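Taking it in order: structure first as structure tokens, then the write-up.
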Amino acid sequence: MKKLYILLAVTAGLFACQTTDKKGTPGLDTEARQNATKDSANFTTIQWLDSTFIDLGKIKEGQVVEVSYRFKNTGNKNLIIANVSASCGCTVPEKPERPYAPGEEGVIKAKFDSRGRPKGEARKTVYVDANTSPVQHQLNFKVDITD
Numbered sequence: 493m494k495k496l497y498i499l500l501a502v503t504a505g506l507f508a509c510q511t512t513d514k515k516g517t518p519g520l521d522t523e524a525r526q527n528a529t530k531d532s533a534n535f536t537t538i539q540w541l542d543s544t545f546i547d548l549g550k551i552k553e554g555q556v557v558e559v560s561y562r563f564k565n566t567g568n569k570n571l572i573i574a575n576v577s578a579s580c581g582c583t584v585p586e587k588p589e590r591p592y593a594p595g596e597e598g599v600i601k602a603k604f605d606s607r608g609r610p611k612g613e614a615r616k617t618v619y620v621d622a623n624t625s626p627v628q629h630q631l632n633f634k635v636d637i638t639d
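Right under this line is the structure:
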């Protein structure tokens, strides 16, 4: 009986030590996400439902604002957002972690932090890499930072 408890404890310990990608999507590991932009047989199409340029208007220095870009998978394969990055550290985008089925809609969001930024107009870019042609899409916004 003692051996059975030891065996159960060791087995439980092995399962507890397994590493998992908490942000990943079931069936969509990091390698699959990275390969999505390389395998043109699995490319699909994306439509940006709003303008890819957004004017956020005037904000006070120190304010954090969020910008959203809606999209739709207009192809016949799953849309995989492989990477989302920004042109500078003051802009932090959110990357969708799951694939989007044909016809499904989603949103790319980014937050712009104006703390410590100079007064005047700021133009920023969010880069979206997906299993589309072209692979990279540029989403732009501008904001006028005031006192």
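Heads up: take any position in the sequence shown, counting from 1, add 492, and you land on the working numbering. We put the beta carbon where it would ideally sit given N, CA and C, even for glycine. In this text, all values refer to a predicted model and were calculated from it rather than measured experimentally.
message: So the candidates are Leu-548, Asp-636, Ile-572; which of them puts its Cα closest to the Cα of Lys-564?
response: Closest option to Lys-564, Cα to Cα, is Ile-572.
message: If you follow the beta strand (DSSP E) that Lys-550 is in, where does it begin and where does it stop?
response: Residues 545–552.
field: As assigned by DSSP and simplified to three states, the class of Ala-645
entry: Since the first and last residues shown for the chain are 493 and 639, residue 645 lies out of range.
message: Going by DSSP, what residue range makes up the beta strand (DSSP E) through Asp-639?
response: Per DSSP, Asp-639 belongs to no beta strand (DSSP E) and is neither H nor E.
field: Contacts around Ile-551, its chain only, beta-carbon distance under 8 Å, and the 5 residues preceding and following it disregarded
entry: Counting only Cβ-Cβ distances below 8 Å, and skipping sequence neighbours, we find Val-557, Ser-606, Val-635, Asp-636, Ile-637, Thr-638.
Secondary structure of Ala-528, DSSP reduced to three states: It is coil, neither helix nor strand.
task: Starting from Ala-533, trace the beta strand (DSSP E) both ways and give me its first and last residue.
output: Run containing Ala-533: none; DSSP gives neither H nor E here.
Distance CB(Pro-585)-CB(Lys-601) smaller than 8 Å: In this structure, Pro-585 places its C-beta atom within 8 Å of the C-beta atom of Lys-601.
- prompt: So Ile-546 and Ala-622 are in contact, right, with Cβ under 8 Å, and what is the actual spacing, rounded?
  reply: That pair is no contact at about 19 Å.
field: CA-to-CA distance, Pro-594 to Ser-543, given in whole angstroms
entry: Here the C-alpha atom of Ser-543 lies approximately 21 Å from the C-alpha atom of Pro-594.
- request: Starting from the C-beta of Asn-534, find all residues in its chain whose C-beta is less than 6 Å away, skip the five residues before and the five after it, and write them out in chain order.
  value: Result list for Asn-534: Lys-569, Asn-623, in chain order.
- prompt: Apart from the five residues just before and just after Leu-631, which ones in its own chain have a Cβ nearer than 6 Å to its Cβ?
  reply: Closer than 6 Å at the Cβ level, and outside the excluded window around Leu-631, lie Thr-544, Tyr-561, Val-618.
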